[in-house]
Amino acid sequence: MPDLGNNILVSNTYETFTGLFGTFSTLAIIVGAVVLGLMTYLILRYRDKGTSTQEPEDAPTLGKLPAERGKVKTIAVSLTLSTTILVFLVFGTFGALDNILTPPKDAIDIKVTAFQWGWKFAYPNGYEETKELRVPVGKAVRLIVVSEDVFHNFGIYDYKIKIDAIKGRTNHIWFEAKQPGEFTIQCYELCGIGHAFMKAKLVAMEPGAFNAWYSTSGA
Ligand SMILES: [Cu+2]
855 MPDLGNNILV
865 SNTYETFTGL
875 FGTFSTLAII
885 VGAVVLGLMT
895 YLILRYRDKG
905 TSTQEPEDAP
915 TLGKLPAERG
925 KVKTIAVSLT
935 LSTTILVFLV
945 FGTFGALDNI
955 LTPPKDAIDI
965 KVTAFQWGWK
975 FAYPNGYEET
985 KELRVPVGKA
995 VRLIVVSEDV
1005 FHNFGIYDYK
1015 IKIDAIKGRT
1025 NHIWFEAKQP
1035 GEFTIQCYEL
1045 CGIGHAFMKA
1055 KLVAMEPGAF
1065 NAWYSTSGA
């Protein structure tokens, strides 16, 4: 696996999905730290020290919140704050996903046909090939994904995208390459003996080079 994308922004989808992953991982770590920290504190604070059979005076009672106003206020503030953060995150996520689901109007349509065991890429000018999918950097590309036999799944690990290729159904996915480079296209749905070798290459090209290639291809 090429070590791309750790710091390099390779596509808009990479940006969106690693952004979401980072946000929710950070949130999960914070929540985990608070829960485990509180649990550890409570275990130590209210542990049986073996000195008395009595409960400590301030031990919490099941089903009852601490009565002191200060504590109630702290709990109310924490709940309001965490709910607000969650609401913002949910709307932010919907916004990011909406953007990732709707291709721009001027996207180039490329038809991707999965078969046992390979990929066929058909461009708007009628040109077809199976080994490489060439796209220009900085331009939206919409893939129209179908299968001519069994279930497959079209995926580009470095772009963080995957979509099912199913016979009798047409699926869409779009992306915009941000950096020139070569990336592996692979099948992500077990589809028979040749599944592991069902690969192709995504070639993200500078727009000038792409146009030069595209205008001579399919002729
Ligand atoms: Cu497969």
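Each residue of the sequence shown is one higher than the last, beginning at 855 in this note's numbering.
Here a beta-carbon is modelled for each residue, glycine too, at the ideal position from N, C-alpha and C.
Apart from the five residues on each side of it in sequence, which residues of its chain come closer than 6 Å, Cβ to Cβ, to residue 965? Cβ neighbours of residue 965 within its own chain (closer than 6 Å, five residues either side excluded): 976 and 998.
Residue span of the beta strand (DSSP E) that contains residue 964, given as start and end: First-last of the beta strand (DSSP E) with residue 964: 962-969.
Within the chosen definition, does the region 1021-1034 reach the region 865-881 through at least 3 CB pairs nearer than 8 Å? Yes, the region 1021-1034 touches the region 865-881.
Quick one: complete beta strand (DSSP E) runs, 3+ long, within the region 981-1029? Counting whole runs of 3 or more residues, the region 981-1029 contains the beta strand (DSSP E) stretches 986-990, 994-1001, 1006-1010 and 1015-1019.
Reduced DSSP category for residue 881 - H, G, I as helix; E, B as strand; rest coil: Three-state DSSP puts residue 881 in a helix.
Member of 1012, 1048 and 1041 whose CA lies at the smallest distance from the CA of residue 1034: Nearest of 1012, 1048 and 1041 to residue 1034, Cα basis: 1012.
Residue(s) in a DSSP beta bridge with residue 865: Under DSSP, residue 865 shares a beta bridge with 1031.
Contact between the region 1045-1054 and the region 984-999 is defined here as three or more beta-carbon pairs at a separation below 8 Å; is this criterion met? The region 1045-1054, when compared against the region 984-999, does touch it at the 8 Å Cβ threshold.
Return the Cβ separation of residue 1039 and residue 971 in integer angstroms, given the expectation that the two are a contact with Cβ distance under 8 Å. About 13 Å separates the two Cβ atoms, so there is no contact after all.
State the Cα-Cα distance for the pair residue 940 and residue 882, rounded to the nearest angstrom. So the two alpha carbons sit approximately 12 Å from each other.
Looking only at its own chain, which residues have a Cβ that is under 6 Å from the Cβ of residue 962, when we skip the five neighbours before and after it? 995.
Assuming residue 1004 and residue 1045 make a contact with CB atoms under 8 Å, what is their CB distance in whole Å? The beta-carbon separation of residue 1004 and residue 1045, rounded to 5 Å, stays under the 8 Å limit for a contact.
Would you say the beta carbon of residue 1002 comes nearer than 7 Å to a heavy atom of ligand 1? No; taking the cut-off as 7 Å, the Cβ of residue 1002 has no heavy atom of ligand 1 nearer than that.
Which value, in whole angstroms, describes the spacing of the CA atoms of residue 928 and residue 935? Residue 935 has its alpha-carbon roughly 11 Å from the corresponding atom of residue 928.
List the DSSP bridge partners of residue 1037. Residue 1037 pairs with 1056.
If we ignore side chains and look at the alpha-carbon of each, how far apart do residue 993 and residue 1070 end up? In a straight line, the C-alpha of residue 993 is about 19 Å away from that of residue 1070.
Is it true that the CB of residue 990 sits closer than 8 Å to the CB of residue 893? One thing to note: residue 893 has its Cβ no nearer than 8 Å to the Cβ of residue 990.
Could you check where the beta strand (DSSP E) with residue 1074 kicks off and where it finishes? The requested residue 1074 is not part of the displayed model; the chain covers only 855 to 1073.
Consult DSSP for residue 1042 and reduce its assignment to one of helix, strand or coil. For residue 1042, the secondary structure class from DSSP, reduced to helix, strand or coil, is coil.
Express the C-alpha separation of residue 903 and residue 1016 in angstroms, rounding to a whole number. Looking at the two C-alpha atoms, the distance is approximately 55 Å.
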